[in-house]
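Visitor:
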Amino acid sequence: MRHIDSADLAVRALDGDAARLPAREAAHLRDCPSCARELASYRRVVQAGRTAEAADVPTPPPPSVWDAVLAGIEDDASGGDGPPP
140 MRHIDSADLA VRALDGDAAR LPAREAAHLR DCPSCARELA SYRRVVQAGR
190 TAEAADVPTP PPPSVWDAVL AGIEDDASGG DGPPP
């Protein structure tokens, strides 16, 4: 069997334990460390998202940061040197 599609692995991670894997996928995950690692990684991300609290959300940067990013993008687009890093 070819590797399990990343999107399918992500859906399996979102579905959690309620998702019963088809026999071929379950067998493949037992034999394929790459797919097993990818599924485990998705499951960790899902778990982190489900257990996150409001205090875990980062504080947005001040508007001056976005102004500097936009200026840098505009400068790159115009071919200018821009401010030093």
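Last residue of the sequence shown? That's 224 in the numbering used here, and every number before it is there in order. Built from N, CA and C at the ideal position, the CB exists for glycine as well.
1) For Ile143, does the count of other Cβ atoms within 10 angstroms reach 16, so buried, or fall short, so exposed?
2) Roughly how many angstroms lie between the CA atoms of Ala207 and Thr198, to the nearest whole one?
3) Roughly how many angstroms lie between the CA atoms of Ile212 and Trp205, to the nearest whole one?
4) Can you tell me where the alpha helix (DSSP H) holding Ile143 begins and where it ends?
5) From what residue to what residue does the alpha helix (DSSP H) around Glu213 run?
6) Does the pairing of the region 177 to 194 with the region 144 to 154 give three or more beta-carbon distances under 8 Å?
Guide: Considering the structure as presented:
1) If you number the sequence shown from 1, residue 143 lands on position 4. Ile143 comes out buried.
2) Locating residue 207 in the sequence shown gives position 68, counting from the first residue. Locating residue 198 in the sequence shown gives position 59, counting from the first residue. Approximately 18 Å between the Cα atoms of the pair.
3) Within the sequence shown, residue 212 is the residue found at index 73, counting from 1. Within the sequence shown, residue 205 is the residue found at index 66, counting from 1. If you take the alpha carbons of Ile212 and Trp205, they lie about 10 Å apart.
4) Looking up residue 143 in the sequence shown gives position 4. That residue, Ile143, is in no alpha helix (DSSP H); it is neither H nor E in DSSP.
5) By 1-based counting over the sequence shown, the position of residue 213 is 74. 202 to 217 is the span of the alpha helix (DSSP H), which, as asked, contains Glu213.
6) Enough Cβ pairs lie closer than 8 Å, so yes.
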